[in-house]
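Each number in this note's numbering corresponds to the 1-based position in the sequence shown with 83 added. To start, the structure under review is shown below, and the notes come after it.
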Amino acid sequence: MTGRKIEFKKLTQDEVDAICARHERLWSGRSGGARANFSYTILENMVLANRDLSDADFSGAVLRGAVLSGATLNSATFFAADLRRANLEGASLRRADLRGAIMRGANLTGADLTEADLREGAIAQMDKEKGLSVLSHRTQENDAGTANFTGANLSGSKMAGMAAQQADFTDAMLLGTRMIRANLRGSSFQGANLEGADLSGADLSDTDFSHAVLIGTKTATAKTQGMNTEGALTNDPVGIDPDALEQSLADQIAEHVRWCDTNGKEGKPSFFDGTDLRGLTSLAGKTLTAFHARGSTLYGLDLEGAQLQGARLEKADLRMVSLRGADLRGADLTGANLSNADLRDCQLGPLLLDGDRVLPASLAGVRARYTDLRGADLRQTKATGADFSYATLNGANVKRAIFNGSCFTGARVDEDFTDLVDSLDGAVDLDAA
């Protein structure tokens, strides 16, 4: 981008609010609306939280320390904007243009940057001595060093050439993200999902990918000195290789279903403890009562509507699994990893046994970060010491559930959540956001 000498205009909070109001009138179809144009304005420390500013123009704007938490900024233009120390926590930036933006120290925790463009970019201006020069407050590359992308959704985004040294991508979603030649030296991707991401030619020196998902991730010609991949999930089998089993996984599942359908008269129950079950792809709607898969890897498996009453899934890897509408009454998921799993309308209440006995489900010690539990039945569930950070529990039935010592940092819960649960002693950062 080239042009004449750029003059910046400093706006007051009242002026910012007025522009936002006109923009929202435009989007709602009311009279007096106008698209928000904040290009080349100084918005330092301004508050734009929870505003709907989709398609707004922030090209070259100075947004240092600005508060945009919870804002809707889909398809907005932040070309070469200065977002240093800006608060974008929980903001929606789907398909936003962030080329050349400076995000050093910005907080993008839980933000949605799906298909956003974070590649290199710069604005040139006329200069009496140099002819053309780059604006002084930005570099020619996207600078996101030390930015906080914790739990952000960056799936499908373009980040080629991005500079993000020592940035925090912990638990971030980076499915199919293109980070070719990006400078990621010293960054943290602990627990992040980089399935199908392209990091070819990137600088991954001293980068932490511990417990990350690296399935199909490309790292050709990348610098990997000092890179940590401890506990990372790759294409390699985890635990027992299903190809080494005497009977195929599919045949064992068929036997188990027949055992359930005939009340144990035919078939036999399956035992998949410690087995890599990713090859099954889908068990949706299957009847798998008393399913045993302790310590197994079920990453990304489709279990929607499955009958899993009394299942034993302790310490299983259930990341990205779909358990929507599944019946897990009385199931034991102690210590399982349910991060980013879909458990909407899932039944995790007690299982009634013979003799009027009750077997409650267990979510004790689970990692359920960013997990969707909307409408789930969690009655009497034992979920002590669990991590529900940034999980969504709106509409969940938590009557008489036990959450002693559980963490709900950034979690979305209903207003009466604390009144319904049996115990919350020791819980930290309960947030009804």
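No residue lacks a Cβ here, since even glycine has one placed at the ideal position from N, Cα and C.
CB-CB length for residue i against residue j, believed under 8 angstroms
i, j, result
"residue 473", "residue 193", "6 angstroms"
"residue 230", "residue 255", "About 11 angstroms separates the two Cβ atoms, so there is no contact after all."
"residue 385", "residue 367", "5 angstroms"
"residue 486", "residue 467", "7 angstroms"
"residue 141", "residue 122", "7 angstroms"
"residue 425", "residue 450", "Between residue 450 and residue 425 the Cβ distance is about 15 angstroms, and since that is not below 8 angstroms, they are no contact."
"residue 376", "residue 399", "6 angstroms"
"residue 55", "residue 480", "The structure shown has nothing for residue 55, since the chain only spans 84 to 516."
Beta-carbon proximity check, residue i vs residue j, cutoff 8 angstroms
i, j, result
"residue 338", "residue 350", "yes"
"residue 396", "residue 416", "yes"
"residue 364", "residue 321", "no"
"residue 315", "residue 288", "no"
"residue 104", "residue 129", "no"
"residue 139", "residue 119", "yes"
"residue 154", "residue 132", "yes"
"residue 411", "residue 431", "yes"
"residue 407", "residue 296", "no"
"residue 116", "residue 126", "no"
"residue 278", "residue 298", "yes"
"residue 483", "residue 457", "no"
"residue 177", "residue 199", "yes"
"residue 203", "residue 188", "no"
"residue 454", "residue 405", "no"
"residue 191", "residue 161", "no"
"residue 238", "residue 197", "yes"
"residue 179", "residue 156", "yes"
"residue 465", "residue 445", "yes"
Spatial distance of residue i from residue j (CA atoms)
i, j, result
"residue 447", "residue 303", "40 angstroms"
"residue 504", "residue 443", "14 angstroms"
"residue 369", "residue 389", "5 angstroms"
"residue 212", "residue 313", "Summary for residue 212: the model assigns pLDDT 49, below 50, so the residue's position carries little reliability, and this model does not support an answer."
"residue 352", "residue 342", "6 angstroms"
"residue 236", "residue 251", "13 angstroms"
"residue 185", "residue 167", "6 angstroms"
"residue 326", "residue 358", "10 angstroms"
"residue 93", "residue 244", "31 angstroms"
"residue 98", "residue 420", "47 angstroms"
"residue 144", "residue 106", "17 angstroms"
"residue 233", "residue 323", "32 angstroms"
"residue 173", "residue 306", "32 angstroms"
"residue 418", "residue 361", "19 angstroms"
"residue 249", "residue 286", "12 angstroms"
"residue 241", "residue 383", "24 angstroms"
"residue 221", "residue 433", "Low confidence applies to residue 221: its pLDDT is 42, below 50, so where it sits in the model is not reliable enough to give any reading."
"residue 282", "residue 452", "25 angstroms"
"residue 260", "residue 169", "23 angstroms"
"residue 253", "residue 500", "28 angstroms"
"residue 328", "residue 135", "54 angstroms"
"residue 95", "residue 111", "25 angstroms"
"residue 551", "residue 475", "The chain is shown only over 84 to 516; residue 551 falls outside these bounds and no answer can be derived."
"residue 301", "residue 273", "17 angstroms"
"residue 201", "residue 258", "15 angstroms"
"residue 355", "residue 175", "40 angstroms"
"residue 215", "residue 91", "Because residue 215 carries a pLDDT of 35, less than 50, the predicted location of this residue cannot be relied on, and no value is offered for it."
"residue 336", "residue 393", "16 angstroms"
"residue 291", "residue 345", "49 angstroms"
"residue 441", "residue 496", "27 angstroms"
"residue 334", "residue 280", "33 angstroms"
"residue 498", "residue 267", "41 angstroms"
"residue 171", "residue 507", "30 angstroms"
"residue 319", "residue 428", "33 angstroms"
"residue 391", "residue 308", "44 angstroms"
"residue 330", "residue 373", "19 angstroms"
"residue 265", "residue 332", "40 angstroms"
"residue 438", "residue 340", "26 angstroms"
"residue 269", "residue 276", "17 angstroms"
"residue 271", "residue 317", "17 angstroms"
"residue 387", "residue 137", "34 angstroms"
Heavy atom of the ligand NAD within 7 angstroms of residue i beta-carbon
i, result
"residue 192", "By its list of ligands, the structure shown contains no ligand whatsoever, and the ligand NAD lies outside what it can speak to."
What ranges does the alpha helix (DSSP H) occupy inside the region 432-515, keeping only unbroken runs of at least 4 residues that lie completely in it? 500-503
Could you name each continuous alpha helix (DSSP H) segment of 4 residues or more that falls completely within the region 135-194, going from the start of the chain to the end? none
What are the complete alpha helix (DSSP H) segments, minimum 4 residues, inside the region 382-427? none
Of all the alpha helix (DSSP H) runs that stay within the bounds of the region 281-308, which reach a length of 4 or more residues? none
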